[in-house]
Amino acid sequence: MTSTGTSSSSRAADAGAPRPGGTGPLAGRTVSRIGYGAMQLERLRSDRAAAVGLVRRALDRGVDHLDTAQFYGDGFVNEVIREALRPTDDIAVVSKVGADPDPGGPVPLRPAQRPEELRASVEDNLRSLGTDRIAVVNLRRLDTGPGLRAEGDQVVDLDDQLAVLTRMRDEGKIGAIGLSSVTEDGLRRALPADIVCVQNAYSAVSRDDEDMLGLCLAEGIAWVPYFPLGGAFPAMPKVVDEPAVHTVAQALGVTPAQVGLAWLLHHAPNVLLIPGTADPDHLDANLAVGAITLDESSLAALDAVESRSADVRIG
């Protein structure tokens, strides 16, 4: 499988399939602005053929940016991607490190922040993906956003973490480095390491990181929001609960979820989406978001939606 590339073209473009949402830069290449977040493939564990088919469906519709992690399904998701990709595919596969599976814990993940754990996780990703190089590896920090927090020996200095990832980049195992669940101060500290993307919780109803989004835009860093519709945990607000979102959706004849995703694409040119699903029809609906146009009045109404914090701590 091809997980990196320097050409601005891709398999999808060469084959004539339009890339959903248009294109944007990521790690020195051009990718579809709407990619596919593979986490929910774990729901298809009992039907591996369906999981592989869903990935192929995304690729056949022009997606050339896949987001995954070894801790998604304890390697199952990576193995599905490995099976779905063909030697002729030119796909940017992005993975992340900073946590390990913990099936018996209160949540299915545990922090894995120490440098030796980060290296081991990269190696695990390489093996399960069946490649010798991953286009981008995101360091999942545990500083902010919903989810885990680091404690004890899992509280590790960012510089030490970047040092091991930089060495692995120099070794050719990583094409580029990104950050996830990071503070603005952490991003500024990391800029000398040539950060190519940031993945933070961000949506129309949770815009705590607006200043960081602006910093990424100024620095040429892709902004790849996770939980793009909010609502991942009970205490988090949901985009689809907002009256303004429903009003715009009804006027356009689309779903509130599609409006929430379309707003992100319109909000900043460096946004790359990675919505996930285990359902083929839902996949098609997500990819169709790229064709939605929001006029000035719709954008103004969506911009006026109240932003509430998404910082929900777990663990």
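Residue numbers 271 to 585, in the working numbering, belong to the letters of the sequence shown in order.
Don't be surprised by glycine CBs; every beta carbon is placed ideally from N, CA and C.
Treat the numbers as computed from the prediction; the structure is a model and nothing was measured.
### Task
For residue 290, I'd like the list of residues in its chain whose CB is within less than 6 Å of its CB, leaving aside the five on either flank, ordered along the chain.
302, 304, 332, 557 and 560
#### Entry: residue 529 - DSSP class collapsed to helix/strand/coil
helix
### Contact under 7 Å by Cβ, residue 516 with residue 526
yes
### Query
What is the rounded straight-line gap between the Cα of residue 532 and the Cα of residue 563?
8 Å
### Query
Between which two residues does the beta strand (DSSP E) containing residue 406 stretch?
404-410
### Query
Considering residue 325, what are the terminal residues of the alpha helix (DSSP H) in which it resides?
318-330
### Task
Quick one: give me the first and last residue of the alpha helix (DSSP H) that residue 515 is part of.
513-522
### Segment limits, alpha helix (DSSP H) that includes residue 371
Segment 369-371 is the beta strand (DSSP E) holding residue 371; no alpha helix (DSSP H) there.
### Query
Can you tell which of 539, 518, 512 and 504 has the C-alpha that lies nearest to the C-alpha of residue 495?
539
### Local conformation of residue 468 per DSSP, three classes
strand
### Message
Please report the straight-line C-alpha distance between residue 510 and residue 523, rounded to a whole angstrom.
### Response
15 Å
### Query
How would you call residue 479, buried or exposed, if buried means at least 16 neighbouring beta carbons within 10 angstroms?
buried
### Message
Just to confirm my understanding: we take residue 327, look at its own chain, exclude 5 residues before and 5 after, and list those with CB closer than 7 Å. What are they?
### Response
550 and 553
### Query
Buried or exposed: which applies to residue 357, given that a residue is buried once 16 or more other Cβ atoms fall within 10 Å of its Cβ?
exposed
### Task
Kindly indicate the opening and closing residues of the alpha helix (DSSP H) around residue 573.
566-573
### Task
Return helix, strand or coil for residue 358, following the three-state DSSP convention.
coil
### Message
Do residue 434 and residue 448 have their beta-carbon atoms positioned less than 7 Å apart in this structure?
### Response
no
### Task
Please state if the CB of residue 382 and the CB of residue 365 are separated by a distance shorter than 7 Å.
no
### Task
Can you tell me which of the three DSSP states residue 391 falls into?
helix
### Query
Is residue 305 helix, strand or coil when you go by DSSP?
coil
### Task
Identify whether residue 337 lies in helix, strand or coil by the three-state DSSP scheme.
strand
### Task
Report all residues from its chain with a CB closer than 6 Å to the CB of residue 490; omit the five preceding and five following residues, and keep chain order.
none
#### Entry: Identified DSSP bridge partners for residue 366
408
#### Entry: Per-residue burial, residue 498 [other beta carbons within 10 Å of its own, 16 or more giving buried]
buried
### Query
If we count the other Cβ atoms within 10 Å of its Cβ and call it buried at 16 or more, is residue 461 buried or exposed?
exposed
### Query
Leaving out five residues before and five after residue 378 in sequence, what residues of the same chain have Cβ atoms less than 7 Å from its Cβ?
371 and 372
### Query
alpha helix (DSSP H) containing residue 293: first to last residue?
It is not in any alpha helix (DSSP H) - residue 293 instead sits in the beta strand (DSSP E) that spans 293-296.
### Query
Does DSSP put residue 288 in a helix, in a strand, or in coil?
coil
### Query
Between residue 571 and the rest of its own chain, which residues show a CB-CB distance below 8 Å, the 5 nearest in sequence each way excluded?
514, 517 and 518
### Query
Can you tell me the Cα-Cα spacing of residue 507 and residue 578, whole angstroms?
7 Å
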